[in-house]
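Below you'll find the structure, written out as structure tokens, and then a few comments.
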Ligand SMILES: Nc1ncnc2c1ncn2[C@@H]1O[C@H](COP(=O)(O)OP(=O)(O)OP(=O)(O)O)[C@@H](O)[C@H]1O
Ligand SMILES: [Mg+2]
């Protein structure tokens, strides 16, 4: 795992980007996924096919299982001891629940941005360098380069380049969130999971993060949970509507928002419930 | 849309007149309790002040460089605390790494690795109970186990191990609290980057909890340094002319030396004891200030 960062070939995304939508490769293929918290059946027979270099939005009312679902994609959900799952999630063709699939490996290619910005109580530099260091990068020059590239990638470089050694807690909430995105880019992931990344941010920071998502989708596949319909409509290519742990509808975003095939989807996006 | 209908006037449960009346009464109670608490504080401070004053009055005259550098002697004007001072310092140097490794290790295991369950909470309750066990009991344990069974005899290492054992419960509990205070979000951030549990613990959780951990250790050590009973149990020497030369040397410690002097009838030795107390107190106050400084300087704000 340690050499991965420096030797990883250019993203396949570069090749697939210009291909027609239908030909895009699947990143995740979710098959009959069920998940229980104890006896609480939180995800029911979820089937989804998530494509490379697309932004997939997950929408649905509170408590419908959106966070649970994306935390399952990098197996963070297993940190809750009472969780049981069955079904298959294939990540690039390999079942992530396989006994010999190491979560550390999975989480190195699938980055995650949380709802609340959660920088480490370390300097801005050390926050970004944390991931690469964990994966064995020691060379200061390489680390410097990763830090700069990641911060540029998260559109925060200009704001912090003169204060890399200051504590990350001195940044504003919006800056902290972009720092967390940068930290996630630093491990050179292939997928980025975002759980309501803008819900703690003001409109301007939200806009910045949304623009960033548009930018990032060139190189990454992004799955984003949001409570904000406009946001889903603005940033995503596909949208999945969850209700009570089930996927009610999964389709092109413009279809979902203009002409949903399920009555419940229509009710939800027109604000009639949830 | 029609104007909202006028709500029927709701009955008020808080009656302004009654409130006004009760306020003066409540303020009287307020003042009385304030005075009681002040008396409580003053009582402690005054007693402490008198004690300090007494000790300094009796001991200050005996304090000198010679006092710190000489061995105890039958002649008060030549007596010093050098062996005891060195014994205490060596004990401290031995105890700190022991309780750091064992205490923090146990705390990390309990907080980060152990499955939360009945077994774990049983262990935790008993660790807290051990913190309340009288120190002389640890002395007895040290005597049977380290001095006799392990065959260390009444040596520095036996004393250090006994004191370390005695301090461990406090260190474990305070380290656990410091580790628990690290927000879950920090662990998640690290794990989500593909770090292993150990990397997360070592690079994120431990650094973030270190100020709390160190504070706990310093307080535990300063308590251990003031202990007499367990050291008497393991057979620390009452009268010894030289500082310990290794971990298997005989040793004595400040509280024992002080105890020894106070048990002599001559007034001069009482003065020496007071001087010894001053030295011990300076060490303890320094350690406690260090703990406070570390807590203020490094405590993390999340
Ligand atoms: N740690 C947990 N333990 C037990 N039940 C949980 C846990 N986390 C979530 N749940 C349950 O699983 C269901 C889905 O929760 P989840 O957090 O995935 O919802 P969500 O769609 O993300 O909601 P929100 O929009 O409010 O964030 C809820 O019924 C919730 O009570
Ligand atoms: Mg959620």
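Chains as they are written, first to last, in our numbering: chain A, 1 to 274; chain B, 275 to 576.
For every residue, glycine included, the Cβ atom is placed at its ideal position computed from N, Cα and C.
Since this is a predicted model, take the numbers as computed values, not measurements.
For residue 15 of chain A, does the three-state DSSP call read helix, strand or coil? Residue confidence is low: residue 15 of chain A scores 41 on pLDDT, short of 50, so the model does not pin down where it sits. Its coordinate-derived value is still stated next. Correct three-state label for residue 15 of chain A: helix.
Contacts of residue 455 of chain B in chain A (Cβ-Cβ under 8 Å): Correct list: empty, because the minimum Cβ distance to chain A is about 12 Å.
Using C-beta distances below 7 Å, list every residue in its chain close to residue 370 of chain B, excluding the 5 sequence neighbours before and after it, in chain order. 491 and 495
Would you report the Cα separation of residue 248 of chain B and residue 436 of chain B, rounded to the nearest angstrom? The structure shown has nothing for residue 248 of chain B, since chain B only spans 275 to 576.
Heavy atom of ligand 1 within 6 Å of residue 66 of chain A beta-carbon: yes
Between the alpha carbons of residue 13 of chain A and residue 196 of chain A, how many angstroms are there, rounded? In this prediction, residue 13 of chain A has a pLDDT of 41, which is less than 50 and means its spatial position is unreliable; nothing more can be read from the coordinates.
Reference residue 211 of chain A; option with closest CA among A:193, A:234, A:82 and A:228: A:234
Any heavy atom of ligand 4 within a distance shorter than 6 Å of the CB on residue 62 of chain A? Among the ligands present in this structure, namely ligand 1 and ligand 2, ligand 4 is not found.
Please classify residue 230 of chain A as buried or exposed, where buried requires at least 16 other C-beta atoms within 10 Å of its C-beta. exposed
Per DSSP, which one or two residues make a beta bridge with residue 111 of chain A? A:192
Quick one: what's residue 242 of chain A bridged to in DSSP? In DSSP, residue 242 of chain A forms a bridge with A:247.
Would you kindly work out how many angstroms separate the C-alpha atoms of residue 265 of chain A and residue 253 of chain A, rounded to a whole number? 12 Å
To which residues of the same chain is residue 67 of chain A closer than 6 Å at the C-beta, ignoring the five residues directly before and after it? 195
Hey, quick one: how far does the beta strand (DSSP E) through residue 563 of chain B stretch, first residue to last? Here residue 563 of chain B belongs to no beta strand (DSSP E); instead the alpha helix (DSSP H) covers 541-572.
Kindly confirm or deny that the segment 213-222 of chain A and the segment 129-136 of chain A touch, where touching means at least three C-beta pairs closer than 8 Å. no
Collapsed DSSP secondary structure at residue 220 of chain A in the structure displayed: Residue state for residue 220 of chain A is assigned as coil, using DSSP reduced to three classes.
Taking only heavy atoms of ligand 1 into account, decide whether any of them is closer than 6 Å to the Cβ of residue 305 of chain A. A query on residue 305 of chain A cannot be resolved here, the shown segment of chain A reaching from 1 to 274 and no further.
By the criterion of Cβ-Cβ separation under 7 Å, what are the contact partners of residue 68 of chain A in chain B? Result: empty, since nearest Cβ-Cβ is about 14 Å, beyond 7 Å.
For residue 271 of chain B, which residues in the same chain have their Cβ closer than 7 Å to its Cβ, ignoring the five residues on either side in sequence? The structure shown does not extend to residue 271 of chain B, since chain B is modelled only from 275 to 576, so the question has no answer here.
Span of the beta strand (DSSP E), counted from its first residue to its last, around residue 41 of chain A: Where residue 41 of chain A is concerned, the enclosing beta strand (DSSP E) stretches over 40-51.
Are the C-beta of residue 561 of chain B and some C-beta of chain A separated by less than 7 Å? no
Tell whether a beta-carbon distance below 7 Å holds between residue 295 of chain A and residue 242 of chain A. No answer is possible for residue 295 of chain A: it lies beyond the span of chain A, which begins at 1 and ends at 274.
With a floor of 4 residues, list each alpha helix (DSSP H) that falls wholly inside the segment 50-75 of chain A, ordered by position along the chain. 66-73
Please classify residue 351 of chain B: does DSSP put it in a helix, a strand, or coil? helix
Measure the CB-CB distance between residue 503 of chain B and residue 409 of chain B and report whether it falls below 7 Å. yes
Of the choices B:447, B:528 and B:290, whose alpha-carbon is the least far from that of residue 556 of chain B? B:528
Mind listing which residues of the segment 476-495 of chain B have their C-beta closer than 9 Å to chain A's C-betas, in chain order? Within the segment 476-495 of chain B, the residues whose Cβ lies closer than 9 Å to some Cβ of chain A are 477, 478, 481 and 482, listed in chain order.
Does the contact criterion of 3 or more C-beta pairs under 8 Å hold for the segment 460-477 of chain B versus the segment 109-118 of chain A? yes
Check the C-beta distance from residue 50 of chain A over to residue 27 of chain A and give it rounded, since I have them as a contact under 8 Å. Confirmed, Cβ separation roughly 5 Å.
Whole angstroms are fine: how far does the CA of residue 486 of chain B sit from the CA of residue 255 of chain A? 55 Å
Quick one: any contact between the segment 561-575 of chain B and the segment 348-364 of chain B, if contact means 3 or more CB pairs under 8 Å? no
Specify the secondary structure class of residue 85 of chain A as computed by DSSP and reduced to three states. strand
With a floor of 3 residues, list each beta strand (DSSP E) that falls wholly inside the segment 388-452 of chain B, ordered by position along the chain. none
Tell me, which residues are paired with residue 299 of chain B by DSSP? Answer is none; residue 299 of chain B lacks a bridge partner.
Look up residue 202 of chain A in the DSSP assignment and say whether it is helix, strand or coil. coil
Residue 135 of chain A: contacting residues in chain B (beta-carbon distance under 8 Å): 468
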